[in-house]
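Read through the structure below, which is laid out as structure tokens, and then see the notes.
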Amino acid sequence: MQNDTAKITARGVQVYYGDTHAIKDVDVDIAANTVTAFIGPSGCGKSTFLRCINRMNDTIPVARVEGDIRIDGEDIYDKRVDPVQLRAKVGMVFQKPNPFPKSIYDNVAYGPRIHGLSKDKADLDGIVENALRRAALWDEAKDRLDAPGTGLSGGQQQRLCIARAVATSPEVLLMDEPCSALDPIATAQIEELIDELKQNYSVVIVTHSMQQAARVSQKTAFFHLGNLVEYGETSRIFTSPEDTRTESYISGRIG
Amino acid sequence: MTDATAEGGAGHGGAGQGSLLARDTRTARRNAAESRFKLYGLIAVCIGIAMLVLLLTSILMNGLSSFQQTRLQIMVELPEDKLDKSGVRDPEVMSKVTTFGYAPLLRDGLEATIAEAGIETDLSAKDAADLISDESVAQLRNMVLANPDLVGQTIPVEVLASGRIDGYYKGRVTMASAELDSNISPEQLVLADQLKAAGKLSTSFNWSFFTAPDASDTRPEAAGLGVAILGSLYMMLIVLCLALPIGVAASIYLEEFAPQNRWTDLIEVNISNLAAVPSIVFGILGLAIFINFAGLPQSAPIVGGLVLTLMTLPTIIIATRAALKAVPPSIRDAALGLGASKMQSVFHHVLPLAMPGILTGTIIGLAQALGETAPLLLIGMVAFVREYPESPLDGGLFDPATALPVQVYNWTQRSDPAFVERASGAIITLLLFLLVMNLTAIFLRRKFERRW
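For the protein sequence lines, the chains are A and B, in the order given.
With this note's numbering, you'll find the first sequence wraps up at 258, consecutive numbering, no jumps.
With this note's numbering, you'll find the second sequence wraps up at 1030, consecutive numbering, no jumps.
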């Protein structure tokens, strides 16, 4: 697949929380095998838009999504689409590391188990090992797969969550401020990991840190008050933004 | 409060002024208010503990003696010509001899025992026999009917002493009170002392208190909790089997699946209201619906269990919903984000985490149900029941039974002072059951509690 092939296309996306119009008419094309960063001040709707891509907004009773979001040309809001199936294809990593209070092994094996991805125990062992290797956690965790996932450090927990998401072999990985609860060293490890993950997945990351967006992403989208203000190559957004609002935000005058 | 009133007066000694080594007036006042408040709290706790100690002491003082029972050891001759004239030892035929036929045997046996011990007494054989509980005749008859081969032999029998004699060794009856009592005379007490000295009368642990059924007003010494414990156990079984699944299912639906609208709000409010409905109202409901409408038998554990289930449901639902709410939403997100269905996320992740809370709520609900009296009075469980209910598998849930708290109520109504002791003993038993249940709740909580 070419880098510029659009994996996800969104057209005229509107999101309402009750009476609040949270996302206003967003059009965006997210390319395969790239890291796309969503930046913007708090409450600008970047997380909301991210949660549209795997229909996690469905779990919020007052949320309503309009418009058209397609993954590989398929409308994910089509009536025939089961969000449960969609979420196996679009993995998600949350802001706060949220491993299940189970063993490391069971955390990673949970997705493959419920989706029936493994034929037998050996197969499952392989999937778990592979996922942990991809999340750069294998070396630290291989000797204590039976230890509870909640006993790991914050950075390790977040990598465990990434491994857990990777284990269901998704095509898209959504990351909602994955480093905001982590220290700089753990953050650096996760960023390095994100860079490797883009070889196999389309990664969409929401971040508050502009440095992080500049470091890990190829494309950047700037959201402001529910509008997608500017979207383009990361290098261009940070060096020569077209919109004054983008410029103000990047230079620290709003946000 | 104190801070606000001190504001005007204390102009000096503000932040940044004066030495830190000297306490300014405001700080001193704040500290004084704090120590005053601590004192109030301590006094409140002390009052609470004092009340508890008072309660427990009074119950223990009255009730502990019910776990001891005075018995007489006598030799009884079982003549064939009186008990089984046919000589075939057929219990069917032998059962024609009523307790009146056995009474003289016990009287003779006691007389012989007195003579054998070398005790000289002026009491007639009939007066001496008053030392023995009326219950013993039936006890002896049952023994013989259960084992007809005993007829013709002279066997040692341990019989209950009468309630007054039992009370004499527990300090309830004294020589002075016996003077005024028409049921017992000081001479009989002297005889009892002599028998005790001869080793024919002794006091031992009262197992039958837990196994024997209730007894009539005149036989407090024979009254036991057997039927009440069984009845309570059956009802708890019903409550557990019905209230736990219904309550947990309702809570999961309301908490995890139900849409948030006016209807669910209404249901929520009404569940909370239901928890506050006086228990006697549930009794009337049970009487009207389960007995009058559905035609279920009176005094039956099934009806008691159903009524208590209705009463316990709101408790379990409220506790379960609180436990489900306490599970962090991030766990649900994590499961849903992996493509788990709503139900998988609830059953694989949320429910296990909520389990300690659910179990604690259930056991507290059960404990509440175990101690509930009022609704059971209305559905006839206050009856005098001497027959043990069958096992639940043989329809025992439909047999008449009583319950522990009702038995307490029942015994406190009776005139013989010996029943005060029995009632207190029953309360101790009930409290022990509750203690065990609460300890189980704590244990389960500790065992299943997981951090996240």
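For glycine and all other residues, C-beta sits at the position ideal for the given N, C-alpha and C.
Three Cβ pairs or more, each shorter than 8 Å: is that satisfied between the segment 615-629 of chain B and the segment 749-763 of chain B?
Too few Cβ pairs lie closer than 8 Å, so no.
Taking C-alpha atoms, which residue in B:M1015, B:L1022, B:S919 and B:N784 lies nearest to A:H118?
Here residue 118 of chain A corresponds to residue number 115 of the first sequence, with the count starting at 1. The candidate whose alpha carbon is nearest that of A:H118 is B:S919.
Counting only beta-carbon separations shorter than 9 Å, does B:F1026 have a partner in chain A?
As a working note, residue 1026 of chain B is residue 448 in the second sequence. So, not an interface residue.
What residue ranges within the segment 862-936 of chain B form continuous beta strand (DSSP E) runs of no fewer than 3 residues, ordered along the chain?
Counting whole runs of 3 or more residues, the segment 862-936 of chain B contains no beta strand (DSSP E) stretch at all.
If you draw a straight line from the C-alpha of B:P682 to the C-alpha of B:S714, how long is it?
Along the second sequence, read from residue 1 onward, the residue named residue 682 of chain B stands at position 104. Along the second sequence, read from residue 1 onward, the residue named residue 714 of chain B stands at position 136. Their Cα atoms are separated by approximately 12 Å.
Put A:G94 into one of helix, strand or coil per three-state DSSP.
What you label residue 94 of chain A is simply residue 91 of the first sequence in a count that begins at 1. Looking at A:G94 - three-state DSSP - the assignment turns out to be strand.
So what's B:E630 in DSSP terms, helix, strand or just coil?
Looking up residue 630 of chain B in the second sequence gives position 52. A small fix is needed here, since residue 630 of chain B is Leu in this sequence, not Glu. Reduced to three states, the DSSP call for B:L630 is helix.
I want to see whether chain A comes within less than 9 Å of B:A584, judged by CB atoms only; does it?
Your numbering for residue 584 of chain B matches position 6 in the second sequence. Low local confidence applies: a pLDDT of 43 at B:A584 is under 50, so the model's placement there is unreliable, with the coordinate-based value given in what follows. No, B:A584 lies away from the interface with chain A (no Cβ there is under 9 Å from its Cβ).
CB B:A952 to CB B:T890, shorter than 9 Å?
Sequence index remark: in the second sequence, residue 952 of chain B carries index 374 (1-based). Sequence index remark: in the second sequence, residue 890 of chain B carries index 312 (1-based). Taking the C-beta atoms as reference points, B:T890 is found no nearer than 9 Å to B:A952.
Compare the C-beta of B:W1030 against all C-beta atoms of chain A and say whether one is closer than 9 Å.
Translated into the one-based positions of the second sequence, residue 1030 of chain B becomes position 452. Residue placement at B:W1030 cannot be trusted, given a pLDDT of 45 that sits under 50; what the coordinates show is reported in the next sentence. At least one CB atom of chain A sits nearer than 9 Å to the CB of B:W1030.
Closer than 9 Å, Cβ to Cβ, to anything on chain B: give me those residues from the segment 167-182 of chain A, in chain order.
From the segment 167-182 of chain A, only R167, A168, A170, T171, P173 and L177 have a Cβ closer than 9 Å to chain B.
Since B:P967 meets chain A, which of its residues come closer than 9 Å, beta carbon to beta carbon?
Along the second sequence, one-based indexing puts residue 967 of chain B at 389. Neighbours of B:P967 on chain A: none; closest Cβ ~44 Å, over 9 Å.
For A:T249, which residues in chain B fall below 7 Å Cβ to Cβ?
Along the first sequence, one-based indexing puts residue 249 of chain A at 246. For a Cβ distance threshold of 7 Å, nothing in chain B lies close to A:T249: the least Cβ distance comes to about 30 Å.
Examine chain B for any beta-carbon lying closer than 9 Å to the beta-carbon of A:M213, and answer yes or no.
On the first sequence, residue 213 of chain A is found 210 positions in, with the first residue counted as 1. Interface with chain B (9 Å Cβ-Cβ cutoff): A:M213 is excluded.
Cutoff 9 Å: A:R90 Cβ touching any chain B Cβ:
By one-based count along the first sequence, residue 90 of chain A stands at place 87. Under the Cβ distance rule, A:R90 counts among the residues neighbouring chain B, one pair being separated by less than 9 Å.
Assign B:H590 to buried or exposed, taking buried as 16 or more other Cβ atoms, counted over all protein chains shown, within 10 Å of its Cβ.
Working through the second sequence from its first residue, we reach residue 590 of chain B at position 12. Only weak support exists for where B:H590 lies, its pLDDT of 49 falling under 50; the coordinates are left without a value.
Please check if any C-beta of chain A sits within less than 9 Å of the C-beta of B:P837.
As a working mapping, residue 837 of chain B is identified with position 259 in the second sequence. With its beta carbon less than 9 Å from one in chain A, B:P837 belongs to the interface.
According to the neighbour-count rule (16 or more other Cβ atoms, all chains shown, within 10 Å of its Cβ), is A:S3 buried or exposed?
Absent from the model: residue 3 of chain A. The displayed extent of chain A is 4 to 258, so no value can be given.
If the cut is a Cβ gap below 7 Å, which residues of chain B does A:Y113 touch?
Walking along the first sequence from the start, residue 113 of chain A turns up at place 110. Identification of chain B residues near A:Y113 by a Cβ-Cβ cut-off of 7 Å yields L916, ordered along the chain.
Identify, in the order they occur along the chain, each residue of the same chain with its Cβ nearer than 8 Å to the Cβ of B:L956, setting aside the five sequence neighbours on each side.
Locating residue 956 of chain B in the second sequence gives position 378, where the first residue counts as 1. Excluding residues within five positions, the ones whose Cβ falls inside 8 Å are I858, G861, I862, G864 and L865.
I want to verify the contact list: residues of chain A whose CB lies under 8 Å from the CB of B:L931, in sequence order.
Here residue 931 of chain B refers to the residue found at position 353 of the second sequence. Neighbours of B:L931 on chain A, chain order: P104.
What runs of the alpha helix (DSSP H), each 4 residues or longer, lie entirely inside the segment 694-767 of chain B?
Runs found: 703-707, 713-724, 741-747 and 753-758.
By the 8 Å beta-carbon criterion, what residues does the segment 51-64 of chain A contribute toward chain B?
Residues N57, M59, T62 and P64.
Beta-carbon separation of B:K704 and B:R719 under 9 Å?
Residue numbering aside, residue 704 of chain B sits at position 126 when the second sequence is read from its first letter. Residue numbering aside, residue 719 of chain B sits at position 141 when the second sequence is read from its first letter. At least 9 Å separates the beta-carbon of B:K704 from that of B:R719.
Could you confirm whether any beta carbon from chain A is found closer than 9 Å to the beta carbon of B:A912?
For the purposes of this step, residue 912 of chain B is taken as residue 334 along the second sequence, with counting starting at 1. By this cut-off, B:A912 is an interface position.
Once you ignore the five residues that flank B:F783 on each side, which residues in its own chain have a CB closer than 8 Å to its CB?
Sequence index remark: in the second sequence, residue 783 of chain B carries index 205 (1-based). So the qualifying residues of the chain are F645, Q646 and Q647.
How many angstroms separate the CA atom of A:A134 from the CA atom of B:D843?
Here the question's residue 134 of chain A lines up with position 131 in the first sequence. Here the question's residue 843 of chain B lines up with position 265 in the second sequence. Their backbone Cα atoms lie some 44 Å apart in a straight line.
Would you be able to state if there are at least three C-beta pairs under 8 Å between the segment 1004-1013 of chain B and the segment 972-989 of chain B?
Yes, the segment 972-989 of chain B is in contact with the segment 1004-1013 of chain B.
Give the range of the beta strand (DSSP E) segment to which A:V38 is assigned.
Position 35 of the first sequence, counting from 1, holds the residue named residue 38 of chain A. V38 to I42 is the span of the beta strand (DSSP E), which, as asked, contains A:V38.
With H, G and I counted as helix, E and B as strand and the rest as coil, what does DSSP make of A:I74?
The count along the first sequence starts at 1 and reaches residue 74 of chain A at position 71. Here A:I74 carries a strand assignment [DSSP, helix/strand/coil].
Once you ignore the five residues that flank A:S106 on each side, which residues in its own chain have a CB closer than 8 Å to its CB?
The sequence position of residue 106 of chain A within the first sequence is 103, counting from 1. Around A:S106: L148, D149, A150, P151 and G152.
Quick check: the Cα distance between B:A695 and B:A775, rounded to an integer number of angstroms?
For the purposes of this step, residue 695 of chain B is taken as residue 117 along the second sequence, with counting starting at 1. For the purposes of this step, residue 775 of chain B is taken as residue 197 along the second sequence, with counting starting at 1. Using only the alpha carbons, I get a separation of about 9 Å.
Whole-number beta carbon distance between A:A166 and A:L140, since they are thought to touch under 8 Å:
Residue numbering aside, residue 140 of chain A sits at position 137 when the first sequence is read from its first letter. Residue numbering aside, residue 166 of chain A sits at position 163 when the first sequence is read from its first letter. Under the criterion of beta carbons closer than 8 Å, A:L140 and A:A166 qualify as touching, at roughly 6 Å.
Cα-Cα separation, B:G586 to B:T605
For the purposes of this step, residue 586 of chain B is identified with residue 8 of the second sequence, where counting begins at 1. For the purposes of this step, residue 605 of chain B is identified with residue 27 of the second sequence, where counting begins at 1. Low confidence applies here, because B:G586 scores a pLDDT of 44, under 50, leaving its location unreliable and the question unanswered by this model.
What did DSSP end up calling A:L148 once you bin it into helix, strand or coil?
Looking up residue 148 of chain A in the first sequence gives position 145. Here DSSP, grouped into helix, strand and coil, assigns A:L148 to coil.
Is the CB of A:K99 under 9 Å away from at least one CB in chain B?
To locate residue 99 of chain A, count along the first sequence from 1; it is residue 96. The C-beta of A:K99 comes closer than 9 Å to at least one C-beta of chain B.
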